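Asks: In order, the protein sequence lines correspond to chains A and B.
Using the working numbering, read the first sequence as starting at 29 and increasing by one per residue.
Using the working numbering, read the second sequence as starting at 52 and increasing by one per residue.
Idealized CB from N, CA, C, for every residue including glycine.
This structure is a prediction, so every number in the text was calculated from the model and none was measured.
Next up is a structure, given as structure tokens.
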Amino acid sequence: MGKWLQAFLFIAFASSIAAERNPRTERISGSAGDVLEDDPVGRLKVYVYELPSKYNKKILQKDPRCLSHMFAAEIYMHRFLLSSPVRTLNPEEADWFYTPIYATCDLTPTGLPLPFKSPRMVRSAIQLISSSWPYWNRTEGADHFFVVPHDFGPCFHYQEEKAIKRGILPILQRATLVQTFGQRNHVCLKDGSITIPPYAPPQKMQARKIPLNTPRSIFVYFRGLFYDVNNDPEGGYYARGARAAVWENFKNNPLFDISTEHPTTYYEDMQRAVFCLCPLGWAPWSPRLVEAVVFGCIPVIIADDIVLPFADAIPWEEIGVFVAEEDVHKLDTILTSIPPEVILRKQRLLANPSMKRAMLFPQPALPGDAFHQILNGLARKLPHQKSIYLKPGEKILNWTAGPVGDLKPW
Amino acid sequence: MKLSTSQQGYLNRRSNSFRLSRPLESDSDSGVKSPTGTFRLILHCLCCLICLILGFHFSRLVPFLFSTSTNFYTSPFRFTESLDVHFLLSTNPVNDVELSQPNSTGKNSRVVVGRHGIRVRQWPHPNPTEVMKAHRIIERVQREQRLQFDAKDPRKVIVVTPTYVRTFQALHLTGLMHSLMLVPYGLVWIVVEAGGVSNETASLIAKSGLQTIHAGFNQRMPNSWDERTKLESQMRLHALRIVREMKLDGIVMFADDSNVHTMELFDEIQNLKWFGAVSVGILVKTANANVSADRKNGEDENHGFPVQGPSCNATGMLTGWYTFNSLPFAGKTDAYIGDRATVSPRKFEWSGFVFNSRLLWKDGGGKPDWIKDIDTLDGDIDSPLCLVKDRSMVEPLGSCGRQVLVWWLRVEAHADSKFPPRWITDPPLEINIPSECSTPSTDAHPELPAGEKPATNFSGPIVKHTKETRISRTNKKDALMWTANCCTEKSDACGLIGCFAYTDSTLLETSQVIQTFLSDFLRNFDLQSSFPTGCSSMFSFIVKVCHITTNPCLFKVYQGSRNSLAHPINQLRKRGSERESNMSESPATATATAEEVVAGVGRKDGECAKKTIESENPNLTVVVARDGSPMTMDFRTNRVRVWVDEKGLVARTPTIG
């Protein structure tokens, strides 16, 4: 009996997968500007919790490198909200609550973030806000949002197996998560999360713009790892073999300008290329996506089931090229068979400044930038459903779930 | 269908997880067959004990220890569609970590986590058609960029061309005209003609549809190259005066009628401000090996290239000029137009310079003060550089002269060469190549690779010895029937069975292709039934091989038996020489005769051949002769000699004479 029930559930699950494969995001025809141009001011109010500086500023003081790596969105989001007109100082009138914690700012000497302490830190912060303010307990976080721009977002581990095993941190199960990680039907992406672009230094990119009439003479451009020899000596785990396949099939192809060496002209070269490869690495997302859009190079997205930043506002299907991981060896055929008119249209859409703005976290913030898109995303979730408010005494979250190590005090 | 695959997937998954759930220590403790829960409990207790002793959480460490030694990536959810990947992988599922956690919501990605195969295709090289497509895409993208971002109102191009009526004028001027017609900018073409405006030139340039100014120049073109160059300079100056009088606004460039231009040149000169220089490739024809050797030495000495153009330093500033070293040619160059030696360029060719036409204006246009007025020149200047007081103001174009954008070439008809006046042939020329078999589209298969089956690729006709009957090779049954009939009529295996074309480079391969074709022909040809008894088992094939474009047809005769095919018994024989000799007496008959004669070789014996030829053309006298026997030396166009060997079989192609 139980077996049959399981079978039924599985079939339901499988059919839901089949349904998910169809693009479900809203598409914007033509200029793709309308939703991106929305102004969130006046449509929502955000209350920023005052946390002790050990949760944010102190951590940053310890390691200022956090300001420039690709997970820096959490820091800039905090700074942005502090001076944003959507911020309210009266928590009673707030639609959303923001907890400023820099959970990923713990870098190894080589600059790689280690998220091992993050769960304890998040837990500690939530314990603090739930005991000092009444708002967390009202909904158990359903009207709170957290910026978790790590590899696998709220799963807080950089290895996918471990991340999947951990799942979303139990106490964040009800909160809205703002994360870079996005993959359909993945345990680390729950419904209602907002997928954001990774942080790429906006000033630096702006300074390296070359004239728009510089002929794009590179057909396909890619710089980065193909094999991660240290973490994946056998090959095939890293990027699920897709990057290795790119290298093995196209290393000698004159149309493919691919290499592991990161030249000083990297940004300039992207502006001279027609297609820029954005294959998955350990995680499906990469900063190349941002760079490609900003530099008008058509992103070739090789990451099955990826959920792209602001997919409800940016017509990724129209501006990018999606290549299945298993088709990487046919990349040249796929790219050359795209009609030139389609390519020109993609380039026109990419040239849309609102698209580029939405990918960046500039200092100071500009209308339509990624900060505003996050706020737009939050505003579109309003008003909150009545069901998120718990009855007095009702508890849903299990504070003792999860690995024992996460339960230790921070 | 979907349901069944899903169930299949489900079963896979179930069995997988059963296998997986008995996992981690299975190689150390393979005897354990207890259900999952019990085992996990035992494991947990064990870990707890170790934890108590060691003081840390050991159970976290266990999978880690195992995974580092083997692989800790898991592949539990494989749907049938991803199974094809699976066989590529080294499967090591024993240590897979179980995925379904109590806190995960049960949903998981369709995308399989873990080790994947690296798909490498068999043939990694790019497909030429795709490369071509890619370049088209790049070109299209760049064109769009130019349209969008480049100067919105491009400047007019003013092209100055000195010319005069001569044999090669049509040749050169047409070529230049076609280049100019492709220029995507506004264009004025000033053609200055020596010896006054002529109808020939006017009718040529009128066809261009361009805005043209056809001006006459009151001197005839002299006969020596030196004088010609001087006069051409004066003609160009004349054109510049026209530019000034008409106050034409644009970029002046000098296009001699024999120059060849890249289209990039016209884009590049749009970037010009005042006075620019581009690199010119000098194409010098070396008249003999001696000169070329000399030139080679010269090049080795100063690492020279036959290029004239600006050269820059690292910052892109003009530092000097690179000119063509004509010293090796001294004493060997043409003095007079029409000589057979090479024509060497001047130190600075005009075609390497472009400038803003406002420099020529008398007033206005904001022209800089480092330019000379053309009226102050005495009309005898070497190059436009004389117009510039300060040569450092010259803008180097084309990536600082690194790109050669123009080719300079002087080719004129030799004084003793014959060309039809105005390139009109009247009366029509006599035929020296018959139209048959020389059209590559139908008959030519020189590139047929030996590996392919000629039977399917060969589309050339099988030609019967009468011209009316052509039986397509593709209609094999008919072909066989025909040959069989032929044989019954005691004219077995006669006729031309293949027609091939060759080029100079494929001549050798052709022979292989024919061999393959004939072997295939034989294989598909049931000799026993096709040739009734009484026919000789020996027969010969004639294959006609024509040069793909011009040269005469050649014939190859292959001798075959029922089981084998011998090498050609006579080698290629030129038809052209034969033709020339019987031109006098009704060429048409001679052509037909040659065809028929050739067709007759395929017979089993000389007499049979004789009869056939005679029946085809009663006017001919056919003589059967032993190959190699002495013959009378007189040449008679109505006589055909059929050469036979000692058995009476045709030994080689019958000949006229």
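1) Would you mind telling me which residues of chain A sit closer than 9 Å to Ile93 of chain B, beta carbon to beta carbon, in chain order?
2) Over the uninterrupted beta strand (DSSP E) stretch that includes Gly433 of chain A, give me the two end residues.
3) Is the CB of Gly220 of chain A under 8 Å away from at least one CB in chain B?
4) State buried or exposed for Glu188 of chain A, treating a residue as buried only when at least 16 other CB atoms are found within 10 Å of its CB.
5) Of all Cβ atoms in chain A, is any one closer than 8 Å to the Cβ of Gly367 of chain B?
6) Tell whether a beta-carbon distance below 8 Å holds between Tyr325 of chain A and Phe303 of chain A.
7) Looking at chain A, is there any beta carbon in it that lies within less than 8 Å of the beta carbon of Thr142 of chain B?
8) Could you tell me which residues DSSP puts in a beta bridge with Trp401 of chain B?
9) According to a CB-to-CB cut-off of less than 9 Å, which residues of the segment 346 to 362 of chain A neighbour chain B?
10) Quick check: the segment 217 to 235 of chain A against the segment 316 to 336 of chain A, are at least 3 beta-carbon pairs closer than 8 Å?
11) Can you tell me which of A:Tyr163, A:Phe144, A:Phe338 puts its alpha carbon nearest to the alpha carbon of Pro420 of chain A?
12) Let me confirm a value: Glu121 of chain A is counted as buried when at least 16 other C-beta atoms fall within 10 Å, else exposed. Which label applies?
13) Determine the DSSP secondary structure at Glu481 of chain B, reduced to helix, strand or coil.
14) May I ask which residues mark the beginning and end of the alpha helix (DSSP H) holding Ile10 of chain A?
15) Less than 8 Å between C-beta atoms, sequence neighbours within five positions excluded: which residues of the same chain meet that for Leu233 of chain B?
16) If distances are taken between C-alpha atoms only, which option among B:Ser230, B:Leu411, B:Val192 comes closest to Leu291 of chain B?
17) Identify the continuous alpha helix (DSSP H) that holds Arg373 of chain A and give its terminal residues.
18) Relative to the C-alpha of Asp219 of chain A, which residue among A:Leu200, A:Thr242, A:Ala228, A:Ser112 is closest?
19) Would you check if the distance between the CB atom of Val150 of chain A and the CB atom of Leu205 of chain A is smaller than 8 Å?
20) Could you check whether the Cβ of Asp171 of chain A sits closer than 8 Å to any Cβ belonging to chain B?
21) Determine the burial state of Trp16 of chain B: buried for a count of at least 16 other Cβ atoms within 10 Å of its Cβ, exposed for fewer.
22) With a cut-off of 8 Å, does the C-beta of Ile169 of chain B fall near any C-beta of chain A?
23) Mind listing which residues of the segment 197 to 216 of chain A have their C-beta closer than 8 Å to chain B's C-betas, in chain order?
24) By the 10 Å Cβ neighbour count, where 16 or more other Cβ atoms means buried, how is Asn341 of chain B classified, buried or exposed?
25) Who does Asp285 of chain A pair with in a DSSP beta bridge?
26) Can you pull the DSSP bridge partners for Gly371 of chain B?
27) Beta-carbon of Arg453 of chain B versus every beta-carbon of chain A: anything under 8 Å?
28) Taking any Cβ of chain B, which residues in the segment 283 to 297 of chain A have a Cβ under 7 Å from it, in chain order?
29) Answer yes or no: does any C-beta atom of chain B fall closer than 8 Å to that of Glu168 of chain A?
30) Ends of the beta strand (DSSP E) at Gly332 of chain B?
31) What residue from B:Trp372, B:Leu456, B:Leu92 has the CA that sits closest to Asn364 of chain B's CA?
32) Any beta-carbon of chain D closer than 8 Å to the one on Gln321 of chain B?
33) Measuring CB to CB, does Gly139 of chain A end up less than 8 Å from His97 of chain A?
34) Could you pull out every residue in the same chain whose Cβ sits closer than 7 Å to the Cβ of Met272 of chain B, ignoring the five residues on either side in sequence?
35) Return the first residue and the last residue of the alpha helix (DSSP H) that Cys451 of chain B is part of.
36) Of the residues B:Ala306, B:Thr218, B:Thr476, B:Thr263, which one's Cα is nearest the Cα of Trp458 of chain B?
Replies: Looking at the atomic coordinates:
1) Counted from its first residue, the second sequence places residue 93 of chain B at position 42. Going along chain A, no residue has its Cβ under 9 Å from Ile93 of chain B, so there is no contact; the nearest lies around 19 Å.
2) As a working note, residue 433 of chain A is residue 405 in the first sequence. That residue, Gly433 of chain A, is in no beta strand (DSSP E); its alpha helix (DSSP H) goes 432 to 435.
3) Here residue 220 of chain A is taken as the residue at index 192 of the first sequence, counted from 1. Chain B, which has no Cβ nearer than 8 Å to the Cβ of Gly220 of chain A, makes this no.
4) Within the first sequence, the letter at position 160 stands for residue 188 of chain A. Buried, since its Cβ has 16 or more Cβ neighbours within 10 Å.
5) Along the second sequence, one-based indexing puts residue 367 of chain B at 316. No, Gly367 of chain B does not count as interfacial toward chain A.
6) As a working mapping, residue 325 of chain A is identified with position 297 in the first sequence. As a working mapping, residue 303 of chain A is identified with position 275 in the first sequence. The question names Tyr, but residue 325 of chain A in the sequence shown is Cys. Cβ distance < 8 Å, so Cys325 of chain A and Phe303 of chain A count as in contact.
7) Working through the second sequence from its first residue, we reach residue 142 of chain B at position 91. With a pLDDT of 36 at Thr142 of chain B, under the threshold of 50, the modelled position of this residue cannot be trusted; read the value that follows with caution. With 8 Å as the cut-off, Thr142 of chain B does not count as an interface residue toward chain A.
8) Translated into the one-based positions of the second sequence, residue 401 of chain B becomes position 350. BP columns for Trp401 of chain B are empty, so no partner.
9) Glu353, Glu354, Asp355, Val356, His357, Lys358, Asp360, Thr361
10) yes
11) Start at 1 with the first residue of the first sequence, and residue 420 of chain A comes out as number 392. The residue with the shortest Cα to Cα distance from Pro420 of chain A is A:Tyr163.
12) In the first sequence, counting from the first residue as 1, residue 121 of chain A sits at position 93. The residue in question, Glu121 of chain A, is exposed, as its Cβ has fewer than 16 Cβ neighbours within 10 Å.
13) If you number the second sequence from 1, residue 481 of chain B lands on position 430. It is coil, neither helix nor strand.
14) Because chain A here runs from 29 to 438, residue 10 of chain A falls outside it and cannot be looked at.
15) One-based indexing of the second sequence puts residue 233 of chain B at position 182. Around Leu233 of chain B: Met314.
16) In the second sequence, the residue the question calls residue 291 of chain B occupies position 240. Of the listed residues, the one whose Cα sits closest to Leu291 of chain B is B:Leu411.
17) Residue numbering aside, residue 373 of chain A sits at position 345 when the first sequence is read from its first letter. It spans 368 to 379 - the alpha helix (DSSP H) in which Arg373 of chain A sits, taken as one unbroken run.
18) Translated into the one-based positions of the first sequence, residue 219 of chain A becomes position 191. Nearest C-alpha to Asp219 of chain A: A:Leu200.
19) As a position in the first sequence, residue 150 of chain A is number 122, starting the count at 1. As a position in the first sequence, residue 205 of chain A is number 177, starting the count at 1. No, Cβ-Cβ distance for Val150 of chain A and Leu205 of chain A is not below 8 Å.
20) Position 143 of the first sequence holds residue 171 of chain A. False, the Cβ-Cβ gap to chain B never drops below 8 Å.
21) This structure cannot speak to residue 16 of chain B, because chain B is shown only from 52 to 708.
22) On the second sequence, residue 169 of chain B is found 118 positions in, with the first residue counted as 1. At least one chain A Cβ lies under 8 Å of Ile169 of chain B.
23) Pro198, Gln211, Arg212, Asn213, His214, Val215
24) Residue 341 of chain B sits at position 290 when you count from the first residue of the second sequence. Unreliable placement is indicated for Asn341 of chain B, whose pLDDT of 43 sits below 50; no coordinate value is reported for it.
25) For the purposes of this step, residue 285 of chain A is taken as residue 257 along the first sequence, with counting starting at 1. A:Tyr249, per the DSSP bridge assignment.
26) For the purposes of this step, residue 371 of chain B is taken as residue 320 along the second sequence, with counting starting at 1. B:Ser362, per the DSSP bridge assignment.
27) Counting from one through the second sequence, the residue named residue 453 of chain B turns up at place 402. So no, Arg453 of chain B is outside the interface.
28) Leu283
29) Locating residue 168 of chain A in the first sequence gives position 140, where the first residue counts as 1. For Glu168 of chain A, the answer is no, since every Cβ of chain B falls outside 8 Å of its Cβ.
30) In the second sequence, the residue the question calls residue 332 of chain B occupies position 281. Note, Gly332 of chain B: beta strand (DSSP E), 330 to 334.
31) In the second sequence, residue 364 of chain B corresponds to position 313, counting from 1. Considering only alpha carbons, the answer is B:Trp372.
32) Any reference to chain D falls outside this structure, whose protein chains are A and B.
33) Along the first sequence, one-based indexing puts residue 139 of chain A at 111. Along the first sequence, one-based indexing puts residue 97 of chain A at 69. Result yes, Cβ atoms of Gly139 of chain A and His97 of chain A sit closer than 8 Å.
34) Here the question's residue 272 of chain B lines up with position 221 in the second sequence. If we look at Met272 of chain B and ignore the five residues flanking it on each side, its Cβ neighbours are Tyr215, Ala245, Gly246, Arg279, Leu282.
35) Start at 1 with the first residue of the second sequence, and residue 451 of chain B comes out as number 400. It spans 449 to 452 - the alpha helix (DSSP H) in which Cys451 of chain B sits, taken as one unbroken run.
36) Taking the second sequence and counting its residues from 1, one reaches residue 458 of chain B at position 407. That would be B:Ala306, whose Cα lies nearest to the Cα of Trp458 of chain B.
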